[in-house]
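Here the protein sequences come in this chain order: Y and A.
Heads up: take any position in the first sequence, counting from 1, add 7, and you land on my numbering.
Heads up: take any position in the second sequence, counting from 1, add 44, and you land on my numbering.
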Amino acid sequence: MNNKQQKTPFRLKLEGITKAFPGVLANDQVSFAIKAGEIHALLGENGAGKSTLVKMIYGIMLPDSGSIFWNGEKIHIKNPKEARSLGIGMVFQHFSLFEAMSVLENIALGMDNKLSKKQLEAKVYEVMDTYGLSLEPSRIVSTLGVGERQRIEIVRALLLNPKLLIMDEPTSVLTPQEVEQLFATLRQLAKNGCSILYISHKLHEIKALCDGATILRGGKIVGECDPKKETSKSMAEMMIGASLQAINKSTIKDFGEIALEVKNLSLAGVGDFGVSLKNISFNVRHGEIFGIAGVAGNGQNELQSALGGEVVLKDQAAIKLNEFLIGNMSANDRRKKGLCAVPEERHGHAAVPDFNLKDNAILTARDRQNMTKLGMISAKHAKDFTKQVIDEFNVMTTGSAAIAGSLSGGNLQKFIMGREIMQVPDVLVVSQPTWGVDAGAAAAIHQALIDLAAGGAAIIIISQDLDELLELCDAIAVINEGNLSEPKNIGQVSIEEIGLLMGGVHGQNSEQLTPNSEVIAS
Amino acid sequence: MQLKLEKKLQPSKIMLFATPILAVLLTMVLGAIIFSLLGYDGLGAVREIFLTPILNSLKWQDLAVKAAPLIIIGIGLSIGFRANVWNIGAEGQYIVGGLAATGVALLTHEMSGWWLLPLMAIAGMAGGMAWVFIPALLRTKLKVSEILTTLMLTYVAVQLLNFLIFGPWKSPTSYGQPQTVLFNDFQILPYIIKGTIVQAGAPIAVLIALIAWVLMSKSVFGFQVKTVGSAPNAARYGGFSENKTIWITLLIGGSLAGLAGMLEVAGPFNRMVPQFPTGYGFTAIIVAFLGRLHPIGVLVAGIVLAITFVGGEVAQTTIGLPNAAVGLFQAMMLFLLLAGDVLVRYNIKRVRRAS
């Protein structure tokens, strides 16, 4: 240890942290350090060991070996409560909120010290004022969008005056304006001396926000860099350990006939918090990729269900697939006619986690791939198709008998996308095709979608990731509170315009309003 | 010291098979200890309950008779359980199935012909289905838990049974005994093996197990049931209707329980009596779980539970074990199985301080 370090010890320093799980070495001799007030990125593909590492910092897991130093002092963090008392806060990728309770109740539940409702409310307002966060404490969580839910988690963490805030993939569900706002909050926190450990694989965000970055691959540290001096490409290559292929997209496009025509699709929301779809109309031609942007919880799931056939409509004419009116058809019948779908949630929706890959192939491909005869399933056909998907889409797995739940998120997503794409649908409706997926897998999925469209399929991508939509789509529309905006061709629309539509601002009013949190929350 | 359960990545395949066997073996060991402590001949009790029915070939026919209804009902329940449909009122469906078959037998008492038994079987299945119709309707329309409704309807079925045989169906020649007339020769199941008491129920049980095996492992329907049970959202996405699955699995469970009721009333009983509800419908729940909800497993588990019934009777006469002892052994088996499952699916970790 040199003298300089003793004078100003690192806020957090890890030395030789190792953690093994049955079958995998999740972290192998990981060492890095964060200074006070530094925004430090932890960069890596899915399965690189980022989550395991931060879980140990936050006391959810204990390292097998290695040491953690806090302000120069060696510590053992036995549980999250201890981490919090040291001043370590964390905002998880998956929120732990009680849907039926109010914002304030949820915050109160996360507090280690019990405060009265009044005291707590005062503190919440104080934190929100300091960092420009807007939230209505009495709102019930289930009525809130993802961005607002994240703000609850942030407020909850900030109430503890953290010295280190861990943010796990925080922007995957935010509008550009919300991202900007989050960054402003984080920068101000850092200015006040709070260190931030920022986990992401969105490279341009890291470039914009972070002072330093540590790159993990396969549980090991493969590099440290100053993100401001690197290019996104160079960081991505460090992250995946290979050179990244640029997406191949032909610029000359010749669209065919209308493949999918949605006309005045309306659907009442289910339950108290379901979003109603209101007179949604759009056309997608053969060979076209149509993007639907929007903040989570504005009817995306409902639209996905209505298009995919999980919800059967009364109005047969609301959806027309080629020459067929399919509005009142079941998901299965729609698939037979040529419309395949991939919902957003991988586990338990697009795939059955307890089933092996072969059975997950049967789940949607059984009819189009002739796996059934007289109500019986041909295991051989299913296996052959599964193997094709695994090979074609480079799914890292032990084979068709592997349990879906044991695959990493990116690999399972590649399998699911492959399963649908290899059925060569006329129309493919996908939600969040690369949610929580690493850069390598995302690129492969994007390329596969583009190739499918080039082959003449119409593709609808419902995504909260604007970059993804702008990169892939030929036309884009925005869904807000169950209304779909007028579709615009990519190239004729600015990010700001889309962002405002996502916030629910339409038409001429948009010029008078600035994109701030009030608009987005409304 | 704190203990923590951690889900295993992939539970050992061997242990999944071995747990039911271990549960049975452990039941024997614990049973021997408990009954010794209670002052009985513990080892003798275990020997009589678990071994005599297997070793004494005279008892095999008893096993076949007892196992048949357990297997038939257990198969039906296991299909429902696979879909997370918890019909625990098979006893009621079994009773109503028996009553429906009895009704047909009484109406056709003066007739003869081979078609009487098939007609009674159809009536039995229809009776069982009628008894799950209400729970199925309430579950699919109003989301009322079938656990409650099926169980409650069991008690209604018992009252219905008593009403009928104490009232309109009471035999005029029974000297006031609450029972129906004896069925005629065409209404009683034939003996399959000459010189034994094994009737058509046993081969039917085996046949049903085989059909169910093919259905559950190879058919789209079996796939649908497993998908709905494992991930309802994925099932909807895959094009399977949850409500349809609830209806079909409940109707299968009800019809098989009803069929078992018909086979019992037209078999060992030959008439409807107040002692008809013997608890097969409840024991079949243990059979279904001990058999890992797999048709062939249920076949084996049905025989194991039949062994405890037959052995219990033996132990009652030879070493004076109370009748309730059988229930205790059966319950212990289920308990140890479920406990064993936890150990197979989870690792128990001691939460210790970091070093």
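Note that the Cβ used here is the ideal one computed from N, Cα and C, for glycine as well.
Exercise for review: For Ile209 (chain A), collect the residues of the same chain with a Cβ closer than 8 angstroms to its Cβ; drop the 5 residues on either side in sequence, then sort them by chain order.
Suggested key: Pro222, Gln223, Thr224, Met316, Val317, Pro318
Review point. Roughly how many angstroms separate the alpha carbons of Phe313 (chain A) and Asn100 (chain A), rounded to a whole number?
Key: 24 angstroms
Exercise for review: Output yes or no for whether 9 angstroms exceeds the beta carbon distance between Leu346 (chain Y) and Gly315 (chain Y).
Suggested key: yes
Review point. In or out: Met155 (chain A) buried (at least 16 other Cβ within 10 Å) or exposed?
Key: exposed
Point to revise | As assigned by DSSP and simplified to three states, the class of Val242 (chain A) | key: coil
Point to revise | Interfacial residues, the stretch 357 to 377 of chain Y to chain A, with Cβ spacing under 9 angstroms | key: Ala357, Ala358, Val359, Pro360, Asp361, Phe362, Asp366, Asn367, Ile369, Leu370, Thr371, Arg373, Asp374
Review point. For Asn339 (chain Y), which residues in chain A fall below 7 angstroms Cβ to Cβ?
Key: Gly283
**Study point:** According to DSSP, residues forming a beta bridge with Met245 (chain Y)
**Key:** In DSSP, Met245 (chain Y) forms no bridge with anything.
Practice item. Please go through the same chain and pick out, in chain order, the residues whose beta-carbon is closer than 7 angstroms to the beta-carbon of Ala164 (chain Y), but skip the five residues on each side of it. Key: Gly96, Met97, Val98, Leu172
Review point. For the stretch 293 to 326 of chain Y, which residues have a CB atom closer than 9 angstroms to at least one CB atom of chain A, in sequence order?
Key: Ser312, Gly315, Gly316, Glu317, Val318
Review point. Just reading off the alpha helix (DSSP H) that Asp398 (chain Y) is part of, what are its end residues?
Key: 386 to 399
Practice item. Pull up the CB-CB distance for Ser407 (chain Y) and Lys380 (chain Y), whole angstroms please, since I reckon it's below 8 angstroms. Key: At roughly 20 angstroms, the Cβ-Cβ gap does not stay under 8 angstroms, so Ser407 (chain Y) and Lys380 (chain Y) are not in contact.
Review point. Does the beta carbon of Ala348 (chain Y) come closer than 9 angstroms to any beta carbon on chain A?
Key: yes
Exercise for review: Answer yes or no: does any C-beta atom of chain Y fall closer than 9 angstroms to that of Phe61 (chain A)?
Suggested key: no
Check your understanding: How should Glu52 (chain Y) be labelled, buried or exposed, when 16 other C-beta atoms within 10 angstroms of its C-beta is the threshold for buried?
Key -> buried
Check your understanding: Is the CB of Asn128 (chain A) under 9 angstroms away from at least one CB in chain Y?
Key -> no
**Study point:** Cβ pair Ile469 (chain Y), Ala460 (chain Y) closer than 9 angstroms
**Key:** no
Review point. At a CB-CB cut-off below 8 angstroms, which residues of chain D make contact with Ala278 (chain A)?
Key: Of the chains in the structure shown, none is chain D; the protein chains are Y and A.
Check your understanding: Is the distance from the Cβ of Phe289 (chain Y) to the Cβ of Val269 (chain Y) below 9 angstroms?
Key -> yes
**Study point:** Reduced DSSP category for Leu69 (chain Y) - H, G, I as helix; E, B as strand; rest coil
**Key:** coil
Check your understanding: Got a sec: is the Cβ-Cβ distance from Val73 (chain A) to anything in chain Y below 9 angstroms?
Key -> no
Review point. Measuring CB to CB, does Gln114 (chain Y) end up less than 9 angstroms from Met63 (chain Y)?
Key: Gln is not the amino acid found at residue 114 (chain Y); the sequence shown has Ile there. No. Outside cutoff.
Exercise for review: Decide if Asn487 (chain Y) is buried, meaning its Cβ has at least 16 other Cβ atoms within 10 Å, or exposed.
Suggested key: buried
Check your understanding: Does the count of Cβ pairs from the stretch 293 to 310 of chain A and the stretch 155 to 172 of chain A closer than 8 angstroms reach three?
Key -> yes
Review point. Does any residue of chain Y bring its CB to less than 9 angstroms from the CB of Phe15 (chain A)?
Key: The requested residue 15 (chain A) does not occur in the structure, where chain A is confined to residues 45 to 399.
Practice item. Give the range of the alpha helix (DSSP H) segment to which Thr221 (chain Y) is assigned. Key: No alpha helix (DSSP H) contains Thr221 (chain Y), which is instead part of the beta strand (DSSP E) from 219 to 224.
Exercise for review: Since I believe Ala220 (chain Y) is in contact with His47 (chain Y) (beta carbons under 8 angstroms), could you give me their beta-carbon distance rounded to a whole number of angstroms?
Suggested key: 7 angstroms
Practice item. Mind reading off the beta-carbon distance from Ile330 (chain A) to Leu378 (chain A)? Whole number of angstroms is fine, and I expect it under 8 angstroms. Key: 5 angstroms
**Study point:** Own chain residues within Cβ distance below 8 angstroms of Val61 (chain Y), not counting five before or after
**Key:** Leu49, Met97, Ile173, Asp175, Leu204, Ile206
Review point. Helix, strand or coil: which one does DSSP assign to Lys130 (chain Y)?
Key: helix
Exercise for review: Determine the extent of the alpha helix (DSSP H) in which Gln374 (chain A) is found, giving its start and end residues.
Suggested key: 368 to 389
Review point. Is there a Cβ from chain A that is less than 9 angstroms from the Cβ of Glu22 (chain Y)?
Key: no
Exercise for review: Ignore the nearest five residues each way along the sequence and tell me which others in Ala300 (chain Y)'s own chain have a CB closer than 8 angstroms to its CB.
Suggested key: Ser470, Gln471, Leu473, Leu476, Ile483, Ala484, Val485, Ile486, Ile505, Leu508, Met509
Exercise for review: Might you give, ordered along the chain, the residues of its own chain that have their beta carbon closer than 8 angstroms to the beta carbon of Ala358 (chain Y), omitting 5 neighbours on each side?
Suggested key: Asn367, Leu370, Ala411, Leu419, Phe422, Ile423
Point to revise | CB contact below 9 angstroms: Arg342 (chain Y) versus chain A | key: yes
**Study point:** Which residues DSSP lists as bridging Ser202 (chain Y), in chain order
**Key:** Y:Leu171
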